[in-house]
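> Numbering (this note's numbering), first residue to last: -15 to 237.
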Amino acid sequence: MKKLILFPFLLFSVMAFSQQFGKLYVVAKSGLNMRTSPSIKADVVDIIPYGTAIEIKNENEELKSFVSENMMGFWQKVTYKDKSGYILDSYLIPWEVPDLATVKEFGDYLKQVTKPFGKKLTVREMNTNLMEENGWQISKQLYENGAEWQHNSGYEYGADIYFLPGFSIQQGFLLLRLIPEFSNAIGENDAFPNKDVKTTRDEKEFTIKVDKEMFGDNPWYKKIDIEYEDGAYYMLQLFTIDNQLVISFGSGV
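1. Locate the alpha helix (DSSP H) running through Tyr93, then write down its first and last residues.
2. For Ser21, which beta-bridge partners are listed by DSSP?
3. Please confirm whether Trp79 and Val107 have their CB atoms less than 9 Å apart.
4. Since Leu16 and Ile32 are thought to touch, with beta carbons under 8 Å apart, how far apart are those beta carbons, to the nearest angstrom?
5. Under 6 Å Cβ to Cβ from Asp226, same chain only, skipping five residues before and after it: list those, please.
6. Are Leu105 and Gln125 close, meaning C-beta to C-beta below 9 Å?
7. DSSP state of Gln4, grouped into three classes?
8. Using only the alpha-carbon positions, how far apart do Met219 and Phe176 sit?
9. Check for me: the beta strand (DSSP E) holding Ile153 runs from which residue to which?
10. Select from Asn42, Glu45, Ser14 the residue whose C-alpha is nearest the C-alpha of Tyr34.
11. Could you tell me which of Asn54, Ala12, Met18, Ala37 sits nearest to Val194, measuring between CA atoms?
12. Check whether the stretch 118 to 137 touches the stretch 152 to 170, counting contact only when three or more Cβ pairs, one atom from each stretch, lie closer than 8 Å.
13. When the Cα of Asp19 is compared with those of Val29, Tyr141, Gly6, which residue comes out closest?
14. By Cβ distance below 6 Å, which residues in the same chain neighbour Lys(-13) in space, the five residues on each side in sequence not counted?
15. With DSSP as the reference, identify every bridge partner of Gly142, one or two as the case may be.
16. Tell me, please, whether the stretch 83 to 95 touches the stretch 48 to 65 by the rule of three or more beta-carbon pairs shorter than 8 Å.
17. I need the straight-line Cα distance from Pro100 to Ser49, nearest angstrom please.
18. Using a Cβ-Cβ cut-off of 7 Å (strictly less than) and excluding sequence neighbours within five positions of Phe1, which residues of its own chain qualify?
19. Mapping the DSSP letters down to three states, classify Ser14 as helix, strand or coil.
20. Can you tell me the Cα-Cα spacing of Leu160 and Gly215, whole angstroms?
21. To which residues of the same chain is Val237 closer than 6 Å at the C-beta, ignoring the five residues directly before and after it?
22. Identify every residue that forms a DSSP beta bridge with Asp201.
23. Give the C-beta separation of Tyr212 and Asn168 to the nearest angstrom, bearing in mind that I take them to be a contact with Cβ-Cβ under 8 Å.
24. Whose C-beta lies closer than 7 Å to the C-beta of Gly150 among residues of the same chain, with five residues either side of it excluded?
25. Which residues bound the beta strand (DSSP E) around Thr86?
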């Protein structure tokens, strides 16, 4: 009985989180095509530039889905420059997009879109000379938009962890694809990873692990791990806790 109840609940959660409404921002670098009808074959009315804010309204209509770069999205009717048409919402994110000229690391992006809320908290501080003897340190910073940054460090290991309210794993992937700090883990033209794979790029071996569950034709992505070696061992993880995306990027030897 519990499984019968849980399945429709999870399916509703997957569909609901995939469809976001309100003000969202175009994250496609080349712009987002607005078409005459909800079809990839329909004529292009206009191209909405990167970074444009678009209002997505909940019209309670049945939306058509479409998969692009392994990402499921829905055709949404929008208005831009007094024109109406349909766009794929899989190329929209809930925060302003990174300034491509100035944002090189995730910390730069946080500076662009928000401000610190209170002082940075250091949970435990150790003399770096003692790190080899199981020393460790965690620093935390909250932000006005609800984001959180954590830095964990220990002997020959460090990781930055970010909590982003309102982001899906797909949206997080598109965001990181724009930030040079993550360019070794996610190439500029990489599609969203939808299955486990081992591959080689620039003579580096990559292991990609995808934890997902299918509800009919709809995938529910639980976690994505991208691991590789480049002098040190690196791991990038994306997963969600309730309505927050968690990004963890760490390295060690």
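No residue lacks a Cβ here, since even glycine has one placed at the ideal position from N, Cα and C.
According to the structure shown:
1. 90 to 97
2. Per DSSP, none; premise fails for Ser21.
3. For the 9 Å CB-CB criterion, Trp79 and Val107 do not form a contact.
4. 5 Å
5. none
6. yes
7. coil
8. 17 Å
9. Per DSSP, Ile153 lies in no beta strand (DSSP E) segment; the continuous alpha helix (DSSP H) that holds it begins and ends at 153 to 160.
10. Out of Asn42, Glu45, Ser14, Ser14 has the C-alpha closest to the C-alpha of Tyr34.
11. Asn54
12. no
13. Checking the sequence, you will find Arg at residue 19 rather than Asp. Measuring from the Cα of Arg19, the nearest candidate turns out to be Val29.
14. Interpretation of Lys(-13) is limited by its pLDDT of 43, a score under 50 that renders its predicted location unreliable; no figure is taken from the coordinates.
15. Ser137, Ser235
16. In short, these stretches do not touch, since the Cβ pair count stays below three.
17. Rounded to whole angstroms, Pro100 to Ser49 spans 38 Å at the Cα level.
18. For Phe1, the predicted structure reports a pLDDT of 46, less than 50, and the residue's modelled location is therefore unreliable. The matter cannot be settled from this model.
19. coil
20. 22 Å
21. Glu140, Ala216
22. In DSSP, Asp201 forms no bridge with anything.
23. 7 Å
24. Pro78, Asn227
25. That residue, Thr86, is in no beta strand (DSSP E); it is neither H nor E in DSSP.
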